[in-house]
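Q: Handing you a structure now.
Residue numbers (UniProt numbering): 1 to 585.
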């Protein structure tokens with residue numbers, strides 16, 4: 001180790017005698033490592049070098065192209081910014097020159113050569129450069145205009161990187177410095193979110209996830225920046241969004257497009273984009289959620305022809321007309337965003353009561369009418385594939401209302417139990433409607449996971465009595481209309497959400513298998529052979545791997561909780577776990 005005076009002498013000699021960019025690769029790398037070491041370990045010794053140090057570093061790094069050396073350079077700039085954080089001083093004197101050197105590398109264009117020993121990846125270089133960009137607010141006058149300019153690039157990767165850097169730099173530079181860019185940033189964000197190519201809203205009757213848009217990486221990064229700006233500037237930036245003419249005009253056009261079939265692909269994309277923007281605003285804070293609800297929610301319920309106390313007849317009348325899919329879609333998106341705002345806290349129970357918040361009062365006043373609309377839409381569903389869009393929105397809406405934590409606005413106990421009864425009715429009776437059935441099952445699984453995660457005792461009791469008892473009874477049910485495979489899918493998808501559920505389902509499955517085997521071998525009832533084979537296959541594929549899985553080894557210590565069939569099929573279970581693809585051979 002050297003002392004401070006020696007470190008300063010080394011740095012002075014370095015600055016006076018070395019022309020780093022004239023050296024070979026390994027020597028340049030060594031020089032940059034020395035520079036990084038001096039800045040990291042002896043910052044106090046280098047402070048007095050001031051302008052000479054900053055100017056010397058600019059000379060040492062200018063024009064570097066080697067990836068490994070660039071990683072060192074970006075780190076050197078980051079540490080240098082920590083050494084001279086003052087708004088007036090050595091770094092401030094050369095901030096423009098230093099950023100001109102850094103800016104040449106954005107966006108990073110680097111492809112790892114095949115067979116090359118270089119272990120630096122493009123992602124690592126990009127992150128290191130981003131940290132250098134954001135290392136000091138002194139770079140803001142140069143960095144933000146450059147990043148905004150690059151958003152107009154024809155290269156998608158450049159747009160992605162620009163949004164990513166803007167999000168990070170916005171946080172690091174602070175609200176005061178970023179205030180002057182808010183209008184330019186909103187314009188760029190709106191352009192990206194509204195015009196970014198993404199898939200058309202599609203409906204796949206075979207999968208519950210087959211409906212919706214899939215955001216591109218550009219849109220994902222744009223939404224990240226939007227959230228940062230709304231949280232940082234809150235009222236000022238939110239006013240830009242709420243007062244935006246394009247969004248206002250779009251919402252006024254709802255009455256022209258009452259039916260899903262009348263929606264063009266462009267309209268669906270715009271609908272999706274507006275939903276994303278409003279959702280980000282709602283999730284950002286309670287105050288922004290209030291403003292969005294005050295500005296937009298009344299328009300949406302008007303478009304749905306809802307009032308605070310709609311009668312069932314009025315709701316059916318509204319459904320008889322062409323139903324406004326756009327308003328329905330945005331209502332559900334706002335509901336989802338509200339719930340996310342509530343559960344995003346690590347300790348939901350410690351969050352203050354929101355019953356007096358504007359958004360909470362508005363949602364509470366319309367929750368019963370919304371539930372009724374969702375119920376009616378589900379019951380009105382028909383075989384036409386376009387109705388799946390309405391079903392998806394309705395089922396998602398019921399899930400959201402059923403999974404608000406108990407201390408917040410949510411469905412009443414009566415409405416919560418009605419939601420469970422409706423979903424169970426679909427599981428038991430509407431198995432011929434594949435999309436609706438799978439959607440209902442998925443929601444029941446999500447509700448069970450929610451109840452378990454947030455220790456909702458009242459909701460758990462209702463779920464056990466309404467869902468779990470009926471689900472388990474399907475195993476021994478003599479209903480031949482519902483395929484055994486669907487029964488078992490419902491039983492074990494929900495059973496997997498909680499250990500006690502799974503043990504109950506496994507126990508009931510064992511009893512049914514034992515009874516069927518007795519009927520077959522003792523009484524010669526061969527009609528049960530096919531069904532029993534399905535049950536045995538389910539037991540070996542679903543139950544046994546669950547018992548021997550790492551997460552459930554504790555069950556093995558409680559011998560009384562394990563059905564006797566487990567021991568019969570234990571060798572099979574281990575075979576399945578250890579050789580999961582054995583059947584493929």
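Positions of the beta carbon are idealized from the N, C-alpha and C atoms, including for glycine.
It should be emphasised that the depicted structure is a prediction, and the values quoted were computed from it without experimental measurement.
From which residue to which residue does the alpha helix (DSSP H) around residue 538 run?
A: Numbered from 1 along the chain shown, position 538 holds the residue referred to as residue 538. Start and end: 529–538.
Q: Are the beta-carbon atoms belonging to residue 499 and residue 462 less than 9 Å from one another?
A: Counting from one through the chain shown, the residue named residue 499 turns up at place 499. Counting from one through the chain shown, the residue named residue 462 turns up at place 462. The answer is no: Cβ separation not under 9 Å.
Q: What residues in its chain sit with their C-beta under 7 Å from that of residue 490, if we drop five residues either side in the sequence?
A: Mapped onto the chain shown, residue 490 falls at position 490. Within the same chain, residue 490 has close Cβ partners 427, 441, 471 and 474.
Q: In its own chain, which residues sit with a C-beta less than 7 Å from the C-beta of residue 230, not counting the 5 before and 5 after it?
A: Indexing the chain shown from 1 puts residue 230 at position 230. Cβ within range, chain order: 237, 238, 280, 281, 284 and 288.
Q: Return the residue from the list 128, 194 and 302 that minimises the CA-CA distance to residue 165.
A: Along the chain shown, read from residue 1 onward, the residue named residue 165 stands at position 165. Checked all of 128, 194 and 302; the closest Cα to residue 165 is 128.
Q: Compute the beta-carbon to beta-carbon distance between residue 358 and residue 290, rounded to the nearest angstrom, for a pair I have assumed lies under 8 Å.
A: By 1-based counting over the chain shown, the position of residue 358 is 358. By 1-based counting over the chain shown, the position of residue 290 is 290. Right, the Cβ-Cβ distance comes to about 4 Å (below 8 Å), so this counts as a contact.
Q: Nearest by alpha-carbon distance to residue 63: which of 30, 55, 102 and 88 is it?
A: The residue you call residue 63 lines up with position 63 of the chain shown. Closest option to residue 63, Cα to Cα, is 102.
Q: Thinking residue 159 and residue 218 are a contact (beta carbons under 8 Å), I'd like their distance in whole angstroms, please.
A: Against the chain shown, residue 159 aligns to sequence position 159. Against the chain shown, residue 218 aligns to sequence position 218. Going by Cβ atoms, the distance from residue 159 to residue 218 rounds to 5 Å, so yes, they are a contact pair.
Q: Is it buried or exposed for residue 341, if we count other Cβ within 10 angstroms and need 16 for buried?
A: To locate residue 341, count along the chain shown from 1; it is residue 341. That one is buried.
Q: Helix, strand or coil for residue 136? Go by DSSP, reduced to three states.
A: Counted from its first residue, the chain shown places residue 136 at position 136. In this structure, residue 136 counts as coil in the three-state DSSP scheme.
Q: Which residue wins for smallest C-alpha separation from residue 69, given the options 32, 43, 47 and 80?
A: Looking up residue 69 in the chain shown gives position 69. That would be 32, whose Cα lies nearest to the Cα of residue 69.
Q: Can you tell me whether residue 543 is buried or exposed? The criterion is at least 16 other CB atoms within 10 Å of its CB, across all chains shown.
A: One-based indexing of the chain shown puts residue 543 at position 543. Its Cβ being crowded by 16 or more others within 10 Å, residue 543 is buried.
Q: Taking the alpha-carbon positions, what's the residue 363 to residue 196 distance?
A: What you label residue 363 is simply residue 363 of the chain shown in a count that begins at 1. What you label residue 196 is simply residue 196 of the chain shown in a count that begins at 1. If I take the Cα positions, the gap works out to 32 Å.
Q: Give the DSSP-derived three-state secondary structure of residue 100 in the structure shown.
A: Reading the chain shown from its first residue, position 100 is the one you call residue 100. The answer is helix: DSSP assigns residue 100 an H, G or I state.
Q: Count the C-beta pairs between the region 369–383 and the region 244–253 that are closer than 8 Å, then say yes if the count reaches three, no if not.
A: no
Q: Quick check on this structure: which residue in 477, 482, 44 and 446 has the alpha carbon closest to the alpha carbon of residue 433?
A: Your numbering for residue 433 matches position 433 in the chain shown. Comparing Cα-Cα distances from residue 433 to each of 477, 482, 44 and 446, the minimum goes to 482.
Q: So the alpha helix (DSSP H) residue 170 belongs to, where does it begin and stop?
A: Residue numbering aside, residue 170 sits at position 170 when the chain shown is read from its first letter. Residues 156–173.
Q: DSSP state of residue 28, grouped into three classes?
A: Start at 1 with the first residue of the chain shown, and residue 28 comes out as number 28. Of the three classes helix, strand and coil, the one that applies to residue 28 here is helix, per DSSP.
Q: Is the CB-CB distance between residue 448 and residue 497 below 9 Å?
A: Counting from 1 along the chain shown, the entry for residue 448 is found at position 448. Counting from 1 along the chain shown, the entry for residue 497 is found at position 497. Yes, they are a contact pair.
Q: When DSSP labels each residue in this structure, what does residue 181 get in the three-state scheme?
A: Working through the chain shown from its first residue, we reach residue 181 at position 181. Looking at residue 181 - three-state DSSP - the assignment turns out to be helix.
Q: Would residue 190 be called buried (16 or more neighbouring beta carbons within 10 Å of its own) or exposed?
A: Counted from its first residue, the chain shown places residue 190 at position 190. The residue in question, residue 190, is buried, as its Cβ has 16 or more Cβ neighbours within 10 Å.
Q: Measuring alpha carbon to alpha carbon, tell me which residue in 328, 294 and 245 is nearest residue 271.
A: Within the chain shown, numbered from 1, the residue matching residue 271 stands at position 271. Of the listed residues, the one whose Cα sits closest to residue 271 is 328.
Q: If you draw a straight line from the alpha carbon of residue 425 to that of residue 437, how long is it in whole angstroms?
A: The sequence position of residue 425 within the chain shown is 425, counting from 1. The sequence position of residue 437 within the chain shown is 437, counting from 1. One C-alpha to the other measures close to 10 Å.
Q: For residue 100, tell me which candidate among 72, 495, 132 and 170 has the shortest Cα-Cα distance.
A: Locating residue 100 in the chain shown gives position 100, where the first residue counts as 1. Just measuring C-alpha positions, the residue of 72, 495, 132 and 170 sitting nearest residue 100 is 132.
Q: Could you check what DSSP says for residue 522 in three-state terms: helix, strand or coil?
A: Within the chain shown, numbered from 1, the residue matching residue 522 stands at position 522. Coil at residue 522, not helix or strand.
Q: Tell me which same chain residues have a C-beta within less than 8 Å of the C-beta of residue 193, skipping the five on either side of it?
A: For this step, residue 193 is matched to residue 193 along the chain shown. The answer, listed in chain order, is 219, 222, 223, 226, 273, 276 and 277.
Q: Quick one: what's got a C-beta closer than 7 Å to residue 143's C-beta in the same chain, skipping five residues either side?
A: Locating residue 143 in the chain shown gives position 143, where the first residue counts as 1. Correct list, in chain order: 99, 133 and 169.
Q: Please state whether the Cβ-Cβ distance between residue 403 and residue 333 is less than 9 Å.
A: Translated into positions along the chain shown, residue 403 becomes position 403. Translated into positions along the chain shown, residue 333 becomes position 333. No, these two residues do not count as a Cβ contact at 9 Å.
Q: By how many angstroms is the C-alpha of residue 430 removed from the C-alpha of residue 486?
A: Here residue 486 refers to the residue found at position 486 when the chain shown is read from its first residue. Here residue 430 refers to the residue found at position 430 when the chain shown is read from its first residue. When rounded, the distance between both Cα atoms is 11 Å.
Q: Is the CB-CB distance between residue 443 and residue 398 below 9 Å?
A: In the chain shown, residue 443 corresponds to position 443, counting from 1. In the chain shown, residue 398 corresponds to position 398, counting from 1. Cβ distance < 9 Å, so residue 443 and residue 398 count as in contact.
Q: Residue 137 and residue 75: beta carbons closer than 9 Å?
A: Mapped onto the chain shown, residue 137 falls at position 137. Mapped onto the chain shown, residue 75 falls at position 75. No; because the gap between Cβ atoms is not below 9 Å, this pair is not in contact.
Q: Quick one: what does DSSP say residue 585 is sitting in, helix, strand or coil?
A: Position 585 of the chain shown holds residue 585. Unreliable positioning characterises residue 585 in this predicted model, as indicated by a pLDDT of 40, which lies under 50. A coordinate reading is not provided.
Q: Let me know the secondary structure DSSP gives residue 90 once reduced to three states.
A: As a working mapping, residue 90 is identified with position 90 in the chain shown. DSSP places residue 90 in helix when its eight states are reduced to three.
Q: Residue 15 and residue 66 - do their beta-carbons sit closer together than 9 Å?
A: Here residue 66 refers to the residue found at position 66 of the chain shown. Here residue 15 refers to the residue found at position 15 of the chain shown. Cβ distance not < 9 Å, so residue 66 and residue 15 don't count as in contact.
Q: Report the three-state DSSP secondary structure of residue 284 (helix, strand or coil).
A: For the purposes of this step, residue 284 is identified with residue 284 of the chain shown, where counting begins at 1. In this structure, residue 284 counts as helix in the three-state DSSP scheme.
Q: Quick one: Cα of residue 208 to Cα of residue 300, how far?
A: Taking the chain shown and counting its residues from 1, one reaches residue 208 at position 208. Taking the chain shown and counting its residues from 1, one reaches residue 300 at position 300. Because residue 208 carries a pLDDT of 48, less than 50, the predicted location of this residue cannot be relied on, and the following value inherits that uncertainty. Each residue's alpha carbon lies about 25 Å from the other.
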